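Please read the structure below before turning to the comments.
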Amino acid sequence: MLVTHDIFTLTVLIIVLIFACCKGWGKKDTAPTKMKNGEDFKDWYMKLCEKNRKRNEERLEEIRYEKWLIDHQQK
């Protein structure tokens, strides 16, 4: 009787493992859209791009001003 119970338990365990492998339990999304803080990645990236664009424009203005200042210095 004990041997029959062990065989039945082993068979059920094997069937569950095969089902789990075929079903893909624990499979995560390949491209998550949410970050750890809950913010949407696309929105965060767009904000970052906008911030970098503004910073680049400001730096370009500073460079233009420095060039103008050098060009207009009294010699």
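Quick note on the working numbering: the sequence shown kicks off at 166 and runs consecutively. Each residue gets a CB set at the ideal place from its N, CA and C atoms; glycine is no exception. Note that this is a predicted model, so its numbers are computed, not measured.
- Close CB contacts of I228 within its chain, under the 7 Å cut and outside five residues either way in sequence, are absent.
- Per DSSP, the unbroken alpha helix (DSSP H) holding N217 starts and ends at 206-236.
- Between F206 and K199, the alpha-carbon positions lie close to 6 Å from each other.
- Pairing E222 with E215, the inter-Cα distance amounts to about 11 Å.
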